[in-house]
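Let me begin by presenting the structure, written as structure tokens, before commenting on it.
Numbering (my numbering), first residue to last: 1046 to 1439.
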């Protein structure tokens, strides 16, 4: 056997140190070899998750895949439409029904409050909602709270033509932070907060639908401030939708629901809440949109089929006072139970949006307390609401 004096520098244990070094070098070499041999996760799987196998026969064009710190994201093209993927599914797209919802969120956020100067957008996504917010001439500062650094970079590269190049807008600031943490720790107050998070069954997303979080958002609103929230009807069930709306109305008892339809059926919703009772002067808003500086907002609305604010408000689907009976068995989502995450998980393979929306509309009444204007204007608006906005631009 070789003694310690024949290897290394003659110190006791030198042979063990040398052997350890050799093992480390060999392990590093093997690791580098294996890394080169391991294939990346297929883009189709990153984009479509559990539905990837259904796309194999006619795969979409995957034009971007990125593995971030918090999520793996992708961008695909199907026909002429771009899709933004997160959590293994499409979260936003340039499809007409999605563009309509995303811009509805943005424009309701800035048109309803009197002075929407400072806005927080929870989640960047494709940036369409933030972009719709940013083009309002009254808005001075937009903060996008986004947890995944890859998302703004993807958005600015691929979706800029749909989101008004929002990431490069000088009045837009991207705050790389968990949106809940940002709101809870901020000392600022805002004129509006809009939220377009992931599906509530995705791990962590239900935290953005709890009563405690809605209460925290309410505390950060300036007088007259507005909060808007996306609620999906597709890939969901009645219990989950009731939980989302019922929880929101617990914090905002004057809340209003606006509907986005697709092929004449319920597809998704926008909830709007204020601390004070909401009052919407339709005549004043029509005049505002005719001003030269509002031309980009008017054009954005026309691109999603709204040629006037009457068209926009014809999507009215009810308010808290209408839906009291329907929501009496709603499960309130709280920090201590996150009940919504489990309710939503039971509906992720369901397509019951049409029937859920019809249930809600059965309770809808004309909101005489909501719209300000002449009797003729209110009658015209109620006719538009009853007729419904059931078409989408080609």
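We put the CB at the ideal spot given by N, CA and C, even for glycine.
Subject >> Extent of the continuous beta strand (DSSP E) run through residue 1130 >> reply: Per DSSP, residue 1130 belongs to the beta strand (DSSP E) from 1126–1131.
Subject >> C-beta atoms of residue 1214 and residue 1179 nearer than 7 Å >> reply: Between residue 1214 and residue 1179, the C-beta spacing is below 7 Å.
Subject >> Contact belief for residue 1358 with residue 1325 at Cβ below 8 Å, rounded distance in angstroms >> reply: Contact holds; Cβ gap of about 7 Å.
Original post:
Would DSSP call residue 1400 helix, strand or coil?
Top reply: Residue 1400: helix per DSSP, three-state reduction.
Original post:
Can you tell which of 1104, 1289, 1121 has its C-alpha closest to the C-alpha of residue 1440?
Top reply: Past the edges of the chain, shown from 1046 to 1439, lies residue 1440, and the structure says nothing about it.
Subject >> As assigned by DSSP and simplified to three states, the class of residue 1429 >> reply: Looking at residue 1429 - three-state DSSP - the assignment turns out to be helix.
**OP:** Taking only the alpha-carbon atoms, compute the straight-line gap between residue 1381 and residue 1408 and give it to the nearest angstrom.
**Re:** If you take the alpha carbons of residue 1381 and residue 1408, they lie about 31 Å apart.
Subject >> Distance, residue 1121 Cα to residue 1104 Cα >> reply: Taking the straight line joining both Cα atoms gives about 10 Å.
Subject >> Check whether residue 1308 and residue 1395 have beta carbons under 7 Å apart >> reply: Cβ atoms of residue 1308 and residue 1395: not closer than 7 Å.
Subject >> Bounding residues of the alpha helix (DSSP H) (the contiguous stretch that carries residue 1258) >> reply: Per DSSP, the continuous alpha helix (DSSP H) segment holding residue 1258 begins and ends at 1256–1264.
Original post:
With a Cβ-Cβ cutoff of 7 Å, do residue 1388 and residue 1313 count as a contact?
Top reply: Not closer than 7 Å, so no.
Original post:
Taking Cβ positions, are residue 1273 and residue 1239 nearer each other than 7 Å?
Top reply: It is a contact, given that the beta carbons lie within the stated cut-off.
Original post:
Between the C-alpha atoms of residue 1201 and residue 1210, what's the straight-line distance to the nearest angstrom?
Top reply: Roughly 6 Å between the two C-alpha positions.
Original post:
Under 7 Å between C-beta atoms, does residue 1279 make it to chain B?
Top reply: Chain labels in this structure do not include chain B; a single protein chain is all it has.
Original post:
Mind checking residue 1344: buried by the 16 CB within 10 Å criterion, or exposed?
Top reply: When all chains shown are included, residue 1344 counts as exposed.
Subject >> Rounded straight-line distance, which links the Cα of residue 1252 to that of residue 1142 >> reply: Their Cα atoms are separated by approximately 26 Å.
Subject >> Span of the alpha helix (DSSP H), counted from its first residue to its last, around residue 1150 >> reply: Residues 1141–1156.
Original post:
Would residue 1385 pass as a contact of residue 1245 if the rule is Cβ separation under 7 Å?
Top reply: A contact, by the Cβ cut-off of 7 Å.
Original post:
Between the beta-carbon of residue 1149 and the beta-carbon of residue 1315, is there less than 7 Å?
Top reply: Closer than 7 Å, so yes.
**OP:** Report the three-state DSSP secondary structure of residue 1181 (helix, strand or coil).
**Re:** Here residue 1181 sits in coil by DSSP.
**OP:** Kindly indicate which three-state DSSP category residue 1122 falls into: helix, strand or coil?
**Re:** DSSP places residue 1122 in strand when its eight states are reduced to three.
Original post:
What distance in whole Å lies between the Cβ atoms of residue 1242 and residue 1114, which are believed to be in contact at a cut-off of 8 Å?
Top reply: Going by Cβ atoms, the distance from residue 1114 to residue 1242 rounds to 18 Å, so no, they are not a contact pair.
Subject >> Pair within 7 Å by beta-carbon distance, residue 1116 and residue 1110 >> reply: Taking 7 Å as the Cβ cut-off, residue 1116 and residue 1110 do not qualify as a contacting pair.
Subject >> Limits of the unbroken alpha helix (DSSP H) element including residue 1441 >> reply: Since the first residue of the chain shown is 1046 and the last is 1439, residue 1441 is not available in this structure.
Subject >> Nonlocal neighbours in the same chain, by C-beta distance under 7 Å from residue 1136, ignoring five residues either side >> reply: The residues are 1129, 1130, 1170, 1243.
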